[in-house]
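First the structure, in the form of structure tokens, and then the observations on it.
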Amino acid sequence: MGMQSIGEVINKIVKKRKLGDFEQLKTTMLKNPQIHAFIDTHKTELSQAMIDNSLSNLYEYYVQLTEPDKVMVGYRPELFINGKVIDVRYRPTEEKILSDQQLASRRNLRLLDLPERLRQVKLADLEKSQDRQQALLEIGNFLKNYTQNHQKGLYLSGDFGVGKTFMLAAVANYLANHGAKVIFLHVPTFVASLGQHINDNTLGAELDRLAKCDILILDDIGAETLSQWSRDDVLGVVLQGRMDNNLTTFFSSNFAMDQLEQHFAETKNASDPVKAARIMQRVRFLAKEIVVGGPNKRNFAN
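full-length UniProt numbering numbers the first residue of the sequence shown as 1 and each following residue consecutively.
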């Protein structure tokens, strides 16, 4: 396309937009700091003919700088030399990249029944004290060595309110930000909602998701009220699936592992130490127990 036809095209746009004279617009465009800097930087590669043949692209760039199109929100125009012309491409802004990363991590993280205050917790927010030194060290080692291949998870045991859930929320957010598909499950709430899953026929799909996601975090296990069915055909099935596929699983509990085994033995209607031992075999295979100490951090003041 020669100079004349580009000039005609831009002249029409100039008239339509009441932008004044084409030559005046050309001068203004070429004086634009970014355009001027680009031409100056590439002066050894550019001839006057190339600049003249690039006016429509320079005009597009100029308009996007001065009156950005709403459709292009999140992208910034950038000039580059494309063969014999100066061309325009669009790169995502830093804000858009960050926003896309956050969106992707939210998609990777299914926070079931996790309070809002825990949805933004970062590892840097974790309080470092003597009581939790071992837990933080183990979490740090896990994250440093994490790949999509199996790594044994952690079973954080300790008194009510010492911050086990807070720690696991930070782990969940970190792993989701690094591309892992994470499900954070509050076990008592999930067990209480099983009836709803049966009613709307979603239990099979839900158990499949729990058994197969990259990282499953079972928070507050041992605080639920179990039936034989929810112990063996729900929890047992999920843990077996994760064990068979070597998938990383974390737990938090107010019970030590031995106490959790007693909890699993006593269901609503029966005592069954053999089945409890079988479930605990899976828990022990999947995670290493770490005791988290320290004072109760929950504030019950109104």
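Ideal placement from N, C-alpha and C gives every residue a C-beta, glycine not left out.
Kindly list the residues whose CB is nearer than 8 Å to the CB of residue i, restricted to its own chain and excluding five residues on each side of it in sequence; keep chain order.
{"i": "Leu46", "result": "Ile39, Ile81 and Ile86"}
{"i": "Lys288", "result": "Glu138, Lys152, Gly153, Leu154 and Tyr155"}
I need the boundaries of the beta strand (DSSP E) containing residue i, first residue and last residue.
{"i": "Ile77", "result": "Inspection of the sequence shows that residue 77 is occupied by Pro rather than by Ile. Where Pro77 is concerned, the enclosing beta strand (DSSP E) stretches over Tyr75 to Asn82."}
{"i": "Phe251", "result": "Thr248 to Ser253"}
{"i": "residue 303", "result": "Any answer about residue 303 is impossible in this case: the structure gives the chain only from 1 up to 302."}
Does residue i come out as helix, strand or coil in the three-state DSSP assignment?
{"i": "Ile221", "result": "coil"}
{"i": "Ser230", "result": "helix"}
{"i": "Arg91", "result": "strand"}
{"i": "Ala256", "result": "coil"}
{"i": "Glu45", "result": "coil"}
{"i": "Gly163", "result": "coil"}
{"i": "Gly153", "result": "strand"}
{"i": "Val85", "result": "strand"}
{"i": "Leu216", "result": "strand"}
{"i": "Leu109", "result": "strand"}
{"i": "Ala169", "result": "helix"}
{"i": "Leu118", "result": "helix"}
{"i": "Ser5", "result": "Because the pLDDT of Ser5 is 48, which lies under 50, any placement of that residue in the model is unreliable, and the number read from its coordinates should be weighed accordingly. Reduced to three states, the DSSP call for Ser5 is helix."}
{"i": "Asn177", "result": "helix"}
{"i": "Glu23", "result": "helix"}
Please look up how many angstroms separate the CB atoms of residue i and residue j, rounded, as I've assumed it's under 8 Å.
{"i": "Thr66", "j": "Gly153", "result": "With a Cβ gap of about 54 Å, Thr66 and Gly153 do not count as contacting."}
{"i": "Val237", "j": "Leu207", "result": "6 Å"}
{"i": "Gln240", "j": "Arg282", "result": "6 Å"}
What are the start and end residues of the alpha helix (DSSP H) that includes residue i?
{"i": "residue 307", "result": "As shown, the chain starts at 1 and ends at 302. That puts residue 307 outside it, with no answer to give."}
{"i": "Leu136", "result": "Gln133 to Asn145"}
{"i": "Gln196", "result": "Leu194 to Asn199"}
{"i": "Leu239", "result": "Gly236 to Asp244"}
By Cβ distance, which residues of its chain are closer than 7 Å to residue i, with the 5 residues on each side in sequence left out?
{"i": "Leu235", "result": "Ile279"}
{"i": "Ala135", "result": "Leu156, Met167, Ile290 and Val292"}
{"i": "Tyr174", "result": "Leu123 and Leu143"}
{"i": "Met29", "result": "Ile35, Leu58, Tyr59 and Tyr62"}
{"i": "residue 303", "result": "Because the chain is modelled from 1 through 302, residue 303 falls outside the range shown and cannot be assessed."}
{"i": "Pro273", "result": "Ala265"}
{"i": "Thr267", "result": "Leu226, Ser227, Gln228 and Arg231"}
For residue i, which residues of its own chain have a beta-carbon under 6 Å away from its beta-carbon, when the five flanking residues on both sides are left out?
{"i": "Phe285", "result": "Met243"}
{"i": "Glu78", "result": "Arg89 and Arg91"}
{"i": "Phe160", "result": "Asn254"}
| Whole runs of the beta strand (DSSP E) within the segment 267-299, excluding any shorter than 3 residues | 287-291
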